Amino acid sequence: MQFTASTLLLAGATFLGSASAAGIFAINGTAQPGSYVTLTVLNGNVGDNPTCKGTATIGDLPTSGDITCNAGYSLSFSWDTQNNGIAATYGTPSAAPFTYNVPPISNDGTTYSFGFEDDFPDAEASKKFVEFHA
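Residue numbers for the sequence shown, in mature numbering (1 follows the signal peptide of the UniProt record, and there is no 0): -21 to -1, 1 to 113.
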């Protein structure tokens, strides 16, 4: 049986359209050198409140600081140069702290944006994925 590119694209679009994310892990933020770093961590179900969210006043680069988190969670960061990502060390009540490279997304010469996001499917979407690829 031959599949055309449009058939494969339609099948993929149908699967992706029906998939829904249930879980999320994301770290994103903005910064202005010599002024502030704002970071947010989403770790849980889509729609949950952030586990960490806050702004730290900073001086010149390189710099480091801490961001406010819910009880049991921790977030510290270091930022070496304007063109690099932010190193964010995130800890949870059930896991030792781990350092993530939060890559740069954009900048306008004054404000720098950073971030990444990983979405995790709910049980129904996971089942459809397995059936689709079987």
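The beta-carbon is built from N, C-alpha and C at its ideal position, and this holds for glycine as well.
None of the values given here were measured: they were computed from a predicted structure.
Where residue i falls: helix, strand or coil (DSSP)
i	result
Thr89	coil
Asn62	coil
Asp27	coil
Residue i versus the options, residue with shortest Cα-Cα distance
i	options	result
Thr89	Tyr15, Ile3, Gly2 and Phe4	Tyr15
Ala74	Thr17, Leu18, Asn22 and Ile6	Asn22
Ser57	Cys31, Thr78, Ala50 and Gly70	Thr78
Thr68	Tyr91, Thr47, Leu40 and Asp39	Thr47
Thr36	Ala10, Thr60 and Pro100	Ala10
Leu54	Phe95, Thr60, Cys31 and Gly64	Cys31
Thr42	Ile3, Thr60 and Asp87	Thr60
Thr71	Asp97, Phe95, Gly2 and Tyr52	Tyr52
Ile65	Ile84, Asn24 and Asn49	Ile84
C-beta neighbour in chain D for residue i, strict 7 Å
i	result
Tyr15	In the structure shown, chain D cannot be found, because there is only a single protein chain.
CB of residue i within 7 Å of CB of residue j, strictly
i	j	result
Phe99	Val81	no
Val20	Pro29	yes
Gly26	Leu18	no
Proximal residues to residue i (C-beta, below 6 Å), its chain only, five neighbours per side dropped
i	result
Asp45	Ser55
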